Amino acid sequence: MVFILLLIVAASFSGGLEGYASPSIAIIPIKGEISNSDDGALSGTLSANEAIGFIDEADKDPRVGAIFLDIDSPGGEIVASKQLAYKVHDAKKPVYAYINSVGASGGYYIAAASDYVMADEDSITGSIGVISILLNVQELMQKIGVKATVLKEGNLKDMGSPFKEPTADENAVFEKILSQAFNNFKRDVLLFRQGKLSPSMLDEIADGRVLTGRQAFDANLLDGLTTREKALQKSAELAGLKNPGHIQYGRRELSFSDLFFSAGKSFFSGAMSGAGAQANAQVSIR
Numbered sequence: 413m414v415f416i417l418l419l420i421v422a423a424s425f426s427g428g429l430e431g432y433a434s435p436s437i438a439i440i441p442i443k444g445e446i447s448n449s450d451d452g453a454l455s456g457t458l459s460a461n462e463a464i465g466f467i468d469e470a471d472k473d474p475r476v477g478a479i480f481l482d483i484d485s486p487g488g489e490i491v492a493s494k495q496l497a498y499k500v501h502d503a504k505k506p507v508y509a510y511i512n513s514v515g516a517s518g519g520y521y522i523a524a525a526s527d528y529v530m531a532d533e534d535s536i537t538g539s540i541g542v543i544s545i546l547l548n549v550q551e552l553m554q555k556i557g558v559k560a561t562v563l564k565e566g567n568l569k570d571m572g573s574p575f576k577e578p579t580a581d582e583n584a585v586f587e588k589i590l591s592q593a594f595n596n597f598k599r600d601v602l603l604f605r606q607g608k609l610s611p612s613m614l615d616e617i618a619d620g621r622v623l624t625g626r627q628a629f630d631a632n633l634l635d636g637l638t639t640r641e642k643a644l645q646k647s648a649e650l651a652g653l654k655n656p657g658h659i660q661y662g663r664r665e666l667s668f669s670d671l672f673f674s675a676g677k678s679f680f681s682g683a684m685s686g687a688g689a690q691a692n693a694q695v696s697i698r
């Protein structure tokens with residue numbers, strides 16, 4: 413059963429570049445949770461590293477006249493979102509973004525870095541904020557009779573541990589981390605939307621709230637409301653391309669060994685996390 417599943421997944425991701433003409437629009441998918449991990453092979457998501465590679469490739473390809481980001485993402489890791497956003501911002505060729513169902517938090521971070529942001533009026537976007545969730549399993553462990561012994565050097569070395577209540581000092585450290593990430597997020601959105609979005613306008617909605625496409629457009633977070641098909645047409649118009657072809661970027665064809673390794677890596681990572689081998693606290697923008 414496992415082998416059949418892996419083979420089906422492999423077939424799902426075969427392809428890569430599909431049909432092109434010159435000049436063309438490169439369509440790059442930004443789907444699912446944004447992460448620097450390459451474990452998305454089984455879930456259908458595209459890692460930030462892969463997307464960055466595709467943008468580099470499209471930016472250097474003489475057949476490509478513009479880049480179109482096809483976004484459907486609720487956000488994810490801060491560093492991954494920021495790195496991808498800056499790659500979009502620094503591209504030499506024009507980059508246009510379209511938000512399908514969701515382009516929130518880190519998904520919006522990336523969209524904002526493009527030259528022109530479009531979305532469906534009923535899409536979900538915004539969510540400009542930062543979050544960290546600390547789990548506490550003390551009571552559960554007491555009920556099942558499990559004890560954790562922590563040996564450490566450094567008072568804050570076990571901050572974020574699920575086996576104890578966070579101290580005031582630990583909370584203060586986390587609050588500084590969150591504050592820095594949040595301020596950087598807002599700084600970058602203002603940089604990317606320079607001349608379109610003022611600090612006062614951003615402050616009105618940068619409290620973590622989600623917005624519909626229509627609300628985001630009214631708040632100057634977006635440049636246009638339209639369908640995906642018309643967004644591609646608008647991108648061609650803005651780039652000065654007549655009847656462009658489309659180069660569809662996507663995950664490379666995966667071998668059976670790639671999928672087997674990815675599944676094993678994901679399983680091992682989950683097992684280690686459950687055993688407390690990984691940090692409990694993670695700061696994300698989602």
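Mapping of the sequence shown onto the working numbering: position 39 corresponds to residue 451, and the numbering continues sequentially without gaps. Glycine included, C-beta positions come from ideal geometry on N, C-alpha and C. Please read all numbers here as calculations on a predicted model, not as lab measurements.
Residue i versus residue j: straight-line alpha-carbon distance, rounded
{"i": "K493", "j": "I511", "result": "It is worth fixing the name first, because residue 493 is Ser in this sequence and not Lys. Looking at the two C-alpha atoms, the distance is approximately 15 Å."}
{"i": "D527", "j": "M613", "result": "19 Å"}
{"i": "L666", "j": "E462", "result": "A caution first: L666 carries a pLDDT of 48, below 50, which makes its placement in the model too unreliable to give a value."}
{"i": "F672", "j": "A460", "result": "Low per-residue confidence applies at F672: pLDDT is 48, beneath 50, and the placement is therefore not dependable, though the value from the model is reported in the following sentence. Approximately 21 Å between the Cα atoms of the pair."}
{"i": "A516", "j": "A560", "result": "38 Å"}
{"i": "N632", "j": "M553", "result": "49 Å"}
{"i": "A523", "j": "A497", "result": "7 Å"}
{"i": "P474", "j": "S610", "result": "36 Å"}
{"i": "K555", "j": "E582", "result": "26 Å"}
{"i": "V641", "j": "V549", "result": "It should be noted that the sequence gives Glu, not Val, for residue 641. In a straight line, the C-alpha of E641 is about 48 Å away from that of V549."}
{"i": "I536", "j": "V529", "result": "14 Å"}
{"i": "L644", "j": "D482", "result": "10 Å"}
{"i": "N596", "j": "D484", "result": "23 Å"}
{"i": "I659", "j": "D534", "result": "27 Å"}
{"i": "R605", "j": "L637", "result": "17 Å"}
{"i": "I439", "j": "F480", "result": "5 Å"}
{"i": "G572", "j": "I543", "result": "14 Å"}
{"i": "T639", "j": "I545", "result": "35 Å"}
{"i": "P435", "j": "F586", "result": "48 Å"}
{"i": "K499", "j": "I464", "result": "7 Å"}
{"i": "L623", "j": "G566", "result": "43 Å"}
{"i": "G657", "j": "A580", "result": "58 Å"}
{"i": "D706", "j": "F594", "result": "This structure cannot speak to residue 706, because the chain is shown only from 413 to 698."}
{"i": "K443", "j": "G541", "result": "20 Å"}
{"i": "N655", "j": "K588", "result": "50 Å"}
{"i": "S449", "j": "R626", "result": "33 Å"}
{"i": "A618", "j": "E445", "result": "21 Å"}
{"i": "L568", "j": "K598", "result": "29 Å"}
{"i": "A584", "j": "G620", "result": "20 Å"}
Same chain, Cβ closer than 8 Å to residue i, neighbours up to 5 away in sequence not counted
{"i": "K472", "result": "none"}
{"i": "E616", "result": "A631"}
{"i": "K504", "result": "D471"}
Limits of the unbroken beta strand (DSSP E) element including residue i
{"i": "S436", "result": "436-443"}
{"i": "I483", "result": "476-485"}
{"i": "G515", "result": "507-516"}
{"i": "M530", "result": "528-531"}
{"i": "I490", "result": "No beta strand (DSSP E) contains I490, which is instead part of the alpha helix (DSSP H) from 490-502."}
{"i": "T579", "result": "Segment: none, T579 is in no beta strand (DSSP E) and carries neither H nor E."}
{"i": "I540", "result": "Per DSSP, I540 belongs to no beta strand (DSSP E) and is neither H nor E."}
{"i": "I659", "result": "657-660"}
Cut-off 6 Å between Cβ atoms - residues of its own chain near residue i, not counting five sequence neighbours on either side
{"i": "G427", "result": "In this predicted model, G427 has a pLDDT of only 34, less than 50, meaning its place in the structure is not dependable; the value taken from the coordinates is given anyway. G662, listed in sequence order."}
{"i": "V562", "result": "D570"}
{"i": "F575", "result": "A560"}
{"i": "K608", "result": "N632"}
{"i": "L653", "result": "P435, G477"}
{"i": "S466", "result": "Here residue 466 turns out to be Phe, not Ser, going by the sequence shown. Closer than 6 Å at Cβ, skipping near neighbours: I440, Y661."}
For residue i, the first and last residue of its enclosing alpha helix (DSSP H)
{"i": "G465", "result": "460-472"}
{"i": "I556", "result": "550-556"}
Option in the options with minimal Cα separation from residue i
{"i": "Q592", "options": "D581, V491, Q627, P656", "result": "V491"}
{"i": "V507", "options": "I617, A470, G519", "result": "A470"}
{"i": "A531", "options": "S447, K588, K443, A628", "result": "A628"}
{"i": "S539", "options": "V601, S436, K499", "result": "V601"}
{"i": "G488", "options": "K504, V514, A478", "result": "V514"}
{"i": "L634", "options": "S447, Q495, G519, K505", "result": "G519"}
{"i": "S447", "options": "E577, Q495, F466", "result": "Q495"}
{"i": "P578", "options": "G566, D468, L547, V622", "result": "L547"}
Chain D within 8 Å of residue i, Cβ atoms only
{"i": "I439", "result": "The chain labelled as chain D is not found in the depicted structure, where only one protein chain is given."}
Contacts around residue i, its chain only, beta-carbon distance under 7 Å, and the 5 residues preceding and following it disregarded
{"i": "G557", "result": "none"}
{"i": "S647", "result": "I437, A478, F480, Y508"}
{"i": "K564", "result": "D570"}
{"i": "L650", "result": "P506, Y508, Y528"}
{"i": "H501", "result": "A525, F604"}
Unbroken alpha helix (DSSP H) runs of length 4 or more, entirely within the region 593-646: which are they? Qualifying alpha helix (DSSP H) stretches, in chain order: 611-617, 625-630.
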